[in-house]
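Heads up, the sequence shown stops at 482 in the numbering used here, and the numbers go up one at a time, no gaps.
All C-beta atoms, glycine included, are put in the ideal place defined by N, C-alpha and C.
Because the structure is a prediction, the values reported are computed rather than measured.
Read the structure below first, then the notes.
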Amino acid sequence: MAAEPSARDDELFDQFLADNGHETTPVRWERSYNKLQCPDCGALHDESAADCSVCGWTPAP
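So, in structure tokens, the structure goes:
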């Protein structure tokens with residue numbers, strides 16, 4: 422019978438990923454003046470954008 426994952430397990434996994442060169446923080450919109458900029462393709466969008474209309478990227482919740 423296995424125990425449920427704990428917050429400590431998540432911390433250990435995040436540390437493992439970080440130690441091996443992976444990003445562990447959620448990726449958000451970048452800002453360029455008064456526009457949102459997609460971190461994947463660099464397209465600019467209005468402040469109300471929910472996803473990138475060019476490449477389809479969506480920010481992490």
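Cβ neighbours of residue i in the same chain (closer than 6 Å, five flanking residues each side left out)
i	result
Lys456	Leu465
Asp472	Thr479
Ser469	none
Pro460	Val448 and Glu451
Cβ-Cβ distance between residue i and residue j below 7 Å
i	j	result
Val448	Cys462	no
Trp450	Pro480	yes
Thr446	Leu438	no
Those residues which DSSP pairs with residue i across a bridge
i	result
Leu465	Gln458
Ser453	Lys456
Cut-off 7 Å between Cβ atoms - residues of its own chain near residue i, not counting five sequence neighbours on either side
i	result
Ser453	Leu465
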